[in-house]
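Below is one structure, written out as structure tokens; comments come after it.
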Amino acid sequence: MNKVDDISTYIENKEYIANKYVLKCFEITMLIYVLAYVLDMLNIFIIDYDVMTAGFVPSVIIYLFVFVLTQYVPLTNEKLKYLILFCVVAVFTIMGVTITYHVVLVALLPFLYATLYSSKKVMYYVYILTVISTIIVVFGGYYLGLCDANMVLLTTLPRRAYIENGTFILNEVNSNPFFSLTLFFVLPRCLVYIAFAVICNSIQRIVSGSVEKARLTEELAQAKEEAEKANQAKSRFLANVSHEVRTPINAILGMDEMILRESKDEKVRQYANDIHDSSLLMIDIINDILDSSKIESGMMEIVEVEYAVSTLLNDVYNITKVKAQSKGLELQFNVDESIPCEMHGDDKRIRQVLLNLLSNSVKYTESGTVSLDVTYTADEEYANVRYVVRDTGIGIKEEDIKVIYNAYQRLDVTKNREVEGTGLGMTISQNLLKLMDSNLEIESEYGNGSTFSFVIRQKIVNAQPMGDFQKRMQRGGEDEMSALHFVAPKARILVVDDNPINRKVVRMLLQPTQVQIVEASSGAACIEVLEQQKFDLIFLDNMMPEMDGIETMHILQERHLCDGVPVIMLTADVVADSRERYIQEGFTDYLAKPIIMKQMEELLAKYLQVGDSQLEKIIFE
Ligand code: ADP
Numbered sequence: 012m013n014k015v016d017d018i019s020t021y022i023e024n025k026e027y028i029a030n031k032y033v034l035k036c037f038e039i040t041m042l043i044y045v046l047a048y049v050l051d052m053l054n055i056f057i058i059d060y061d062v063m064t065a066g067f068v069p070s071v072i073i074y075l076f077v078f079v080l081t082q083y084v085p086l087t088n089e090k091l092k093y094l095i096l097f098c099v100v101a102v103f104t105i106m107g108v109t110i111t112y113h114v115v116l117v118a119l120l121p122f123l124y125a126t127l128y129s130s131k132k133v134m135y136y137v138y139i140l141t142v143i144s145t146i147i148v149v150f151g152g153y154y155l156g157l158c159d160a161n162m163v164l165l166t167t168l169p170r171r172a173y174i175e176n177g178t179f180i181l182n183e184v185n186s187n188p189f190f191s192l193t194l195f196f197v198l199p200r201c202l203v204y205i206a207f208a209v210i211c212n213s214i215q216r217i218v219s220g221s222v223e224k225a226r227l228t229e230e231l232a233q234a235k236e237e238a239e240k241a242n243q244a245k246s247r248f249l250a251n252v253s254h255e256v257r258t259p260i261n262a263i264l265g266m267d268e269m270i271l272r273e274s275k276d277e278k279v280r281q282y283a284n285d286i287h288d289s290s291l292l293m294i295d296i297i298n299d300i301l302d303s304s305k306i307e308s309g310m311m312e313i314v315e316v317e318y319a320v321s322t323l324l325n326d327v328y329n330i331t332k333v334k335a336q337s338k339g340l341e342l343q344f345n346v347d348e349s350i351p352c353e354m355h356g357d358d359k360r361i362r363q364v365l366l367n368l369l370s371n372s373v374k375y376t377e378s379g380t381v382s383l384d385v386t387y388t389a390d391e392e393y394a395n396v397r398y399v400v401r402d403t404g405i406g407i408k409e410e411d412i413k414v415i416y417n418a419y420q421r422l423d424v425t426k427n428r429e430v431e432g433t434g435l436g437m438t439i440s441q442n443l444l445k446l447m448d449s450n451l452e453i454e455s456e457y458g459n460g461s462t463f464s465f466v467i468r469q470k471i472v473n474a475q476p477m478g479d480f481q482k483r484m485q486r487g488g489e490d491e492m493s494a495l496h497f498v499a500p501k502a503r504i505l506v507v508d509d510n511p512i513n514r515k516v517v518r519m520l521l522q523p524t525q526v527q528i529v530e531a532s533s534g535a536a537c538i539e540v541l542e543q544q545k546f547d548l549i550f551l552d553n554m555m556p557e558m559d560g561i562e563t564m565h566i567l568q569e570r571h572l573c574d575g576v577p578v579i580m581l582t583a584d585v586v587a588d589s590r591e592r593y594i595q596e597g598f599t600d601y602l603a604k605p606i607i608m609k610q611m612e613e614l615l616a617k618y619l620q621v622g623d624s625q626l627e628k629i630i631f632e
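Below, the structure is given as structure tokens:
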């Protein structure tokens with residue numbers, strides 16, 4: 012049985028128990044009431060024999076009727092409930108009869124109820140009602156001259172006052188005791204009792220309703236907490252799996268890079284290239300799974316920064332170009348020249364969405380063109396940037412467009428059997444866009460190609476036009492190529508990692524840069540080395556036995572062992588906000604495993620240059 016079923020059963024039980032209590036209360040009240048009535052009748056019998064037959068029989072019949080009514084007819088109509096409440100007050104007010112019974116009874120049941128369910132609200136409500144009505148009755152009766160206040164409180168006497176000393180109406184109807192008693196004694200009592208019964212019924216509903224609501228809220232809160240815990244466990248599990256998988260892939264990619272560098276055999280190089288591509292694909296899949304789990308658990312956050320539009324588009328172009336070229340597809344980027352050059356937003360996520368869409372277009376297109384059009388409209392300090400990805404690929408059937416965002420759903424499976432994919436890319440893209448207040452629109456002609464578009468609103472930081480993207484890109488490409496290779500034989504780098512293969516990977520990857528590398532296999536070893544030697548940069552792994560990277564960092568800071576030295580967190584932990592988290596802990600920067608050589612070189616170029624320059628020469632290739 013699931014949680015929802017559990018809760019419904021629970022509520023049913025609770026309602027049943029609440030009903031059982033209220034009926035018990037009713038029965039007891041009824042008994043008290045009947046006893047009181049009998050006493051009353053005896054009193055009447057002694058004083059005035061006639062009134063008994065006149066009052067007793069119709070009253071009992073009506074009481075019984077009411078009893079049956081209240082037990083079997085539930086009252087749910089709110090308006091009726093309040094109307095009846097109003098009648099009760101009115102009846103109490105007009106007729107000053109046997110008020111003490113009613114005060115006691117009206118108070119008793121709700122009091123029991125309130126005690127049972129500890130609902131002070133209901134108790135106050137009823138007490139105020141009875142107090143107000145008593146005051147009105149006492150003063151009203153006194154004012155009309157029907158009775159004095161003592162008589163009202165002494166219950167049966169006012170009735171005699173009506174009959175014997177009554178004023179205008181009483182004198183007239185008094186000639187017919189049956190009529191006068193029914194009108195002034197039985198009917199009001201019955202009305203009061205009906206109203207009372209209905210109030211109890213309503214109270215029972217209100218109270219049991221609120222009890223259930225409270226219970227339900229509590230249950231739901233508990234269920235939510237459990238779900239959150241489960242989600243956290245899932246995220247933790249995924250983070251661990253991701254970490255565990257990344258570590259060996261780091262070794263595979265690192266060693267593969269060595270083969271690519273050292274082997275001259277074309278066949279071997281081809282094998283190594285395939286290993287490289289497959290490893291990167293595996294990382295992409297892990298990233299997608301992590302992302303979708305983050306989105307599911309609401310942990311995905313948009314981090315807004317200032318960014319250069321040209322850098323964003325450059326990256327996207329360079330990555331897509333390699334893929335498009337390998338399939339012989341033409342890749343076109345048509346970017347509005349006047350687009351503001353700097354904006355404020357989450358460029359990483361926009362990049363991710365564009366790469367998803369473009370790589371899908373490349374994947375699902377056999378021949379022709381894949382293009383990206385970027386246009387914008389400005390509105391005050393904001394730009395509404397429109398990205399349109401077009402392809403001349405296989406297209407998507409109209410009915411399939413509806414299900415394209417279902418996680419893990421792949422379309423046209425027979426046709427796409429050869430194409431690799433997990434069915435997560437579109438789901439992630441759409442969710443990321445939603446987080447950025449945008450929406451993905453898809454148009455497609457089955458067999459002829461598809462168009463994916465979205466508009467994203469970004470704050471303009473620098474309104475200067477970006478200029479011709481094609482020209483810029485060529486220039487940028489040249490810069491990038493030349494900046495990437497350097498040697499720094501005087502630079503000393505400490506690599507701290509418990510895994511010897513990981514240390515070896517860093518050492519070998521950095522071999523061409525000629526930097527001097529010292530290795531430490533634990534946090535403690537790192538501290539020991541730093542107490543004796545100075546370094547220009549430290550790569551510190553996080554997940555190490557005994558003392559992890561963050562703890563090590565804290566000790567280094569306390570003992571001033573890394574003052575002025577960039578400490579880079581080198582880790583396979585890439586879960587949400589890792590970078591920000593590590594920087595908060597005191598790290599200078601963060602590099603994810605598996606190490607992408609380009610990123611590693613960029614980091615070294617940045618931090619070795621900033622400090623006491625150790626870069627001997629930068630080789631422009
Ligand atoms: P996958 O990893 O399978 O590509 P996605 O979520 O990115 O997963 O896409 C879901 C499905 O949508 C794909 O399996 C494919 O059938 C279809 N699809 C996505 N993009 C295109 C496209 N440009 N042309 C044709 N079909 C596409």
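Going from the sequence shown to the numbering used here is simple: count from 1 and add 11. Glycine included, C-beta positions come from ideal geometry on N, C-alpha and C.
Item checked: Range of the contiguous alpha helix (DSSP H) that encloses residue 297 -> In the sequence shown, the residue the question calls residue 297 occupies position 286. First-last of the alpha helix (DSSP H) with residue 297: 277–307.
Notebook entry, point to check: Looking only at its own chain, which residues have a Cβ that is under 7 Å from the Cβ of residue 330, when we skip the five neighbours before and after it?
Noted result: For this step, residue 330 is matched to residue 319 along the sequence shown. Cβ within range, chain order: 366.
Item checked: residue 330: first and last residue of the uninterrupted alpha helix (DSSP H) it sits in -> Taking the first residue of the sequence shown as position 1, residue 330 is located at position 319. Counting along the chain, the alpha helix (DSSP H) containing residue 330 begins and ends at 320–337.
Next item on the list: Identify the continuous alpha helix (DSSP H) that holds residue 560 and give its terminal residues.
Entry: Taking the first residue of the sequence shown as position 1, residue 560 is located at position 549. Bounds of the alpha helix (DSSP H) holding residue 560 are 560–569.
Item checked: Cβ-Cβ distance between residue 249 and residue 300 below 8 Å -> Counting from 1 along the sequence shown, the entry for residue 249 is found at position 238. Counting from 1 along the sequence shown, the entry for residue 300 is found at position 289. Yes, the Cβ-Cβ distance between residue 249 and residue 300 is below 8 Å.
Notebook entry, point to check: Can you check whether the CB of residue 387 is closer than 8 Å to the CB of residue 448?
Noted result: Walking along the sequence shown from the start, residue 448 turns up at place 437. Walking along the sequence shown from the start, residue 387 turns up at place 376. Result no, Cβ atoms of residue 448 and residue 387 do not sit closer than 8 Å.
Next item on the list: Can you tell me the Cβ-Cβ gap for residue 548 and residue 618, rounded? I've got them flagged as a contact below 8 Å.
Entry: Taking the sequence shown and counting its residues from 1, the one referred to as residue 548 is at position 537. Taking the sequence shown and counting its residues from 1, the one referred to as residue 618 is at position 607. The pair is a contact, with the Cβ atoms about 6 Å apart (cut-off 8 Å).
Item checked: Identified DSSP bridge partners for residue 470 -> By 1-based counting over the sequence shown, the position of residue 470 is 459. For residue 470, DSSP records a beta bridge to 355 and 393.
Checklist line | Of the residues 403, 393, 360 and 316, the one placed nearest residue 335, counting alpha carbons only | finding: Here residue 335 refers to the residue found at position 324 of the sequence shown. Considering only alpha carbons, the answer is 403.
Margin query: Tell me the rounded alpha-carbon separation between residue 240 and residue 571.
Written below: For the purposes of this step, residue 240 is taken as residue 229 along the sequence shown, with counting starting at 1. For the purposes of this step, residue 571 is taken as residue 560 along the sequence shown, with counting starting at 1. Using only the alpha carbons, I get a separation of about 39 Å.
Check: Sorted by chain position, which residues of the same chain lie with C-beta nearer than 7 Å to residue 364's C-beta, five sequence neighbours on each side aside?
Finding: Looking up residue 364 in the sequence shown gives position 353. 440, 443 and 444, listed in sequence order.
Notebook entry, point to check: Does the ligand ADP have a heavy atom nearer than 7 Å to the CB of residue 478?
Noted result: Along the sequence shown, read from residue 1 onward, the residue named residue 478 stands at position 467. False, no ligand heavy atom lies under 7 Å from that Cβ.
Checklist line | Nearest neighbour of residue 591, chosen from 337, 313 and 538 [CA to CA] | finding: Counting from one through the sequence shown, the residue named residue 591 turns up at place 580. Of the candidates 337, 313 and 538, the one whose C-alpha sits nearest the C-alpha of residue 591 is 313.
Item checked: 8 Å contact criterion, which residue 353 and residue 391 should meet: CB distance rounded -> Reading the sequence shown from its first residue, position 342 is the one you call residue 353. Reading the sequence shown from its first residue, position 380 is the one you call residue 391. Contact doesn't hold; Cβ gap of about 16 Å is too wide.
Check: residue 575 to residue 598, Cα distance in whole Å?
Finding: As a position in the sequence shown, residue 575 is number 564, starting the count at 1. As a position in the sequence shown, residue 598 is number 587, starting the count at 1. Distance between the alpha carbons of residue 575 and residue 598: 11 Å.
Check: What does a CB cutoff of less than 6 Å around residue 358 pick up in its chain, not counting 5 residues either side in sequence?
Finding: To locate residue 358, count along the sequence shown from 1; it is residue 347. Only 318 and 323 meet the Cβ criterion.
Margin query: Can you determine whether any heavy atom of the ligand ADP sits closer than 7 Å to the C-beta of residue 274, and answer yes or no?
Written below: Here the question's residue 274 lines up with position 263 in the sequence shown. Incorrect: residue 274 has no Cβ contact closer than 7 Å to the ligand ADP.
Margin query: Taking a contact to mean a Cβ-Cβ separation below 8 Å, would you say residue 327 touches residue 477 in this structure?
Written below: Translated into the one-based positions of the sequence shown, residue 327 becomes position 316. Translated into the one-based positions of the sequence shown, residue 477 becomes position 466. Not a contact, by the Cβ cut-off of 8 Å.
Check: Is residue 567 closer than 8 Å to residue 541 when the C-beta atoms are compared?
Finding: On the sequence shown, residue 541 is found 530 positions in, with the first residue counted as 1. On the sequence shown, residue 567 is found 556 positions in, with the first residue counted as 1. Cβ distance < 8 Å, so residue 541 and residue 567 count as in contact.
Note to self: Less than 7 Å separating the Cβ of residue 446 from some heavy atom of the ligand ADP?
What the structure shows: Mapped onto the sequence shown, residue 446 falls at position 435. Not so, every heavy atom of the ligand ADP lies at least 7 Å from the Cβ.
Notebook entry, point to check: Who pairs with residue 387 in a beta bridge, going by DSSP?
Noted result: As a first step, residue 387 must be located in the sequence shown, where it is residue number 376. Per the DSSP secondary-structure output, residue 387 pairs in a beta bridge with 396.
Note to self: Just to check my reading of the structure: residue 638 and residue 261 have Cβ atoms closer than 8 Å, yes? What is that Cβ distance to the nearest angstrom?
What the structure shows: Coverage of the chain is limited to positions 12 through 632, which leaves residue 638 absent and any answer about it impossible.
Notebook entry, point to check: Within 7 Å: the Cβ of residue 435 and any heavy atom of the ligand ADP?
Noted result: Here residue 435 refers to the residue found at position 424 when the sequence shown is read from its first residue. Correct: residue 435 has its Cβ closer than 7 Å to the ligand ADP.
Check: When DSSP labels each residue in this structure, what does residue 619 get in the three-state scheme?
Finding: As a first step, residue 619 is located in the sequence shown; it is residue number 608 there, counting from the start. Looking at residue 619 - three-state DSSP - the assignment turns out to be helix.
Notebook entry, point to check: Thinking C-alpha only, which one of 245, 539, 533 and 229 is nearest residue 557?
Noted result: Taking the sequence shown and counting its residues from 1, one reaches residue 557 at position 546. Looking only at 245, 539, 533 and 229, the smallest Cα-Cα distance to residue 557 is reached by 533.
Check: Straight-line CA distance for residue 545 to residue 539?
Finding: Counting from one through the sequence shown, the residue named residue 545 turns up at place 534. Counting from one through the sequence shown, the residue named residue 539 turns up at place 528. Distance between the alpha carbons of residue 545 and residue 539: 11 Å.
Next item on the list: Could you name the residues of the same chain whose beta carbon sits closer than 6 Å to that of residue 286, not counting the 5 residues immediately before and after it, in chain order?
Entry: Sequence index remark: in the sequence shown, residue 286 carries index 275 (1-based). Correct list, in chain order: 267.
Next item on the list: Sort out for me which residues DSSP pairs residue 603 with in a bridge.
Entry: One-based indexing of the sequence shown puts residue 603 at position 592. Beta-bridge annotation (DSSP): residue 603 is paired with 582.
Check: Rounded C-beta distance between residue 373 and residue 385? I'm assuming under 8 Å.
Finding: The residue you call residue 373 lines up with position 362 of the sequence shown. The residue you call residue 385 lines up with position 374 of the sequence shown. Not quite, the Cβ-Cβ distance comes to about 18 Å (not below 8 Å), so this is no contact.
Margin query: Determine whether the beta carbon atoms of residue 455 and residue 412 lie at a separation below 8 Å.
Written below: Sequence index remark: in the sequence shown, residue 455 carries index 444 (1-based). Sequence index remark: in the sequence shown, residue 412 carries index 401 (1-based). Yes.
Note to self: If you follow the alpha helix (DSSP H) that residue 514 is in, where does it begin and where does it stop?
What the structure shows: Position 503 of the sequence shown, counting from 1, holds the residue named residue 514. Run containing residue 514: 511–520, per the alpha helix (DSSP H) assignment.
Item checked: Cβ-based neighbour list, residue 613, same chain, cut-off 7 Å, excluding 5 preceding and 5 following -> Translated into the one-based positions of the sequence shown, residue 613 becomes position 602. Once the five neighbours on either side are set aside, residue 613 has no close Cβ partner at all.
Notebook entry, point to check: So what does DSSP say about residue 265, is it helix, strand or coil?
Noted result: Numbered from its first residue, the sequence shown carries residue 265 at position 254. Looking at residue 265 - three-state DSSP - the assignment turns out to be helix.
Check: Does the ligand ADP have a heavy atom nearer than 7 Å to the CB of residue 288?
Finding: The sequence position of residue 288 within the sequence shown is 277, counting from 1. Not under cutoff, so the answer is no.
Check: Count the other CB atoms within 10 Å of the CB of residue 228; is the residue buried (16 or more) or exposed (fewer)?
Finding: Position 217 of the sequence shown, counted from the first residue, corresponds to residue 228. Counting Cβ neighbours within 10 Å, residue 228 comes out exposed, since fewer than 16 surround it.
Checklist line | Cα-Cα separation between residue 563 and residue 535, rounded to whole angstroms | finding: For the purposes of this step, residue 563 is taken as residue 552 along the sequence shown, with counting starting at 1. For the purposes of this step, residue 535 is taken as residue 524 along the sequence shown, with counting starting at 1. Distance between the alpha carbons of residue 563 and residue 535 is about 7 Å.
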